[in-house]
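Converting from the sequence shown to my numbering requires adding 99 to each position, the first position being numbered 1.
Please read the structure below before turning to the comments.
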Amino acid sequence: MRRRNFLSSSLAPALAQGQAQTQGPVFEGEFEDGGTGSVSYQPKVTMERKRTGKPHQGKVLAAIQPHCDDVPIFAAGTVLKLIDEGYTGYLITVSNDSMAGSGSSIGDIVLKNENDTREVARRMGLKDAFFLNYPNHNMDAWPIAEMRARIVFLIRLLKIDTIFVYDPSALYERNPDHYITARAVESSFTPAGGRWDYPEHFLAGLKTHSVKEKYYFARGPQLVNRVVDISDYIDQKVHVNLANVTQGPSGNTGARLRQRLAAQGKRLPLLGADDDTANRQYTKYSALARDRTRGKQYGMQFAEVFHYIGQEEDPFDAYVRNNAVSL
């Protein structure tokens, strides 16, 4: 399955009268008491919109992807929004991207994809890009524990508060690089905040650090509880995706379509009058059509959807805060 064939449906809730409904997926099967039936899990859907000022000043995010086109396609709009709101950000690519894209050899493809990824990071306003260089399309043969150790190191080194990555619980994900990356990242959260895990880090001056927020994205069905309005950032997202020349979702497709139509004595007004406009418009309205579909579904022009997990307060902490009295 090609990664760029990402236009798929989601189990995201529908809209009614401008408000998100909480109708969730229905799970059927046998229950512990021996009976059968179904249960519906109904998540609350939060609409996240652009905020003024720099409310996230001092916070750090990491966008983690197995391949160079994953974050640009599924999460670049939200990353751009959070950077605009004050975050410092980093891009972490887990595979060596050796098996996808155009080039004269595997080495040539790796170099081109690395250069594209650095440009993607620059266009998103991120501070740096890291490359873990695991074997593309073969990451399921690599020990997750070894990958986890490297991710824990980066969480502690960069003091990462918020992470974007593939959803480890998404349905029908067939690409091993995708689900192995998701599982390795998810399994790193507890040890990153633990004082007994990887004590050699502390000798190097690092400290424990807990990731507070996770934005999980997916190609196929997933449990959606957060919808981010990226309407103000869609043109920047297009610009980000166009940096992935080697294996991006659109490449020069818009320009080729415009030229093919011209040879037939036709034109498509949407594609404009030059190749650059054609590529941008094709990317916006075809390659990123998912964002328009999600936006329409939730009363927005363009949107990205996630399974979001935030930092939950211990209920007893609230009780102590509200009930503690002076001695």
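All C-beta atoms, glycine included, are put in the ideal place defined by N, C-alpha and C.
If you ignore the 5 residues before and after residue 224, its C-beta comes within less than 6 angstroms of the C-beta of 182, all in its own chain and listed in chain order. Per the DSSP secondary-structure output, residue 189 pairs in a beta bridge with 161 and 227. Straight-line spacing of the CA atoms in residue 247 and residue 419 works out to 36 angstroms. If you look at residue 390, you'll find it in the alpha helix (DSSP H) that goes 388–396. The DSSP assignment places 333–340 and 352–362 as complete runs of the alpha helix (DSSP H) inside the stretch 329–374, in order along the chain (cut-off: 4 residues).
For the pair residue 281 and residue 265, the CB atoms are nearer than the 8 angstroms cut-off. Cβ neighbours of residue 170 within its own chain (closer than 6 angstroms, five residues either side excluded): 162 and 164.
For the alpha helix (DSSP H) assignment, the uninterrupted runs of no fewer than 4 residues enclosed by the stretch 225–260 are, from N- to C-terminal side, 243–257. When the beta-carbon positions are compared, residue 341 and residue 382 come within less than 8 angstroms of each other. By the neighbour-count criterion, in which a residue is buried when 16 or more other Cβ atoms sit within 10 angstroms of its Cβ, residue 173 is buried.
Linking residue 387 to residue 365 through their CA atoms gives a straight-line distance of about 24 angstroms.
DSSP, read as helix, strand or coil, puts residue 385 in helix.
Burial check for residue 426: the Cβ neighbour count within 10 Å stays below 16, so the residue is exposed. A residue is called buried when at least 16 other Cβ atoms come within 10 angstroms of its Cβ; residue 302 does not meet this threshold and is exposed. Going by C-alpha positions, residue 318 is about 10 angstroms away from residue 274. Here DSSP, grouped into helix, strand and coil, assigns residue 300 to helix. Take the alpha-carbon of residue 168 and the one of residue 262: they are about 17 angstroms apart. For residue 216, the enclosing alpha helix (DSSP H) stretches over residues 205–222. When DSSP reads this structure, residue 150 sits in no beta bridge, so it has no partner. Taking 8 angstroms as the cut-off, the Cβ atoms of residue 284 and residue 146 do not count as close. Take the alpha-carbon of residue 376 and the one of residue 195: they are about 31 angstroms apart.
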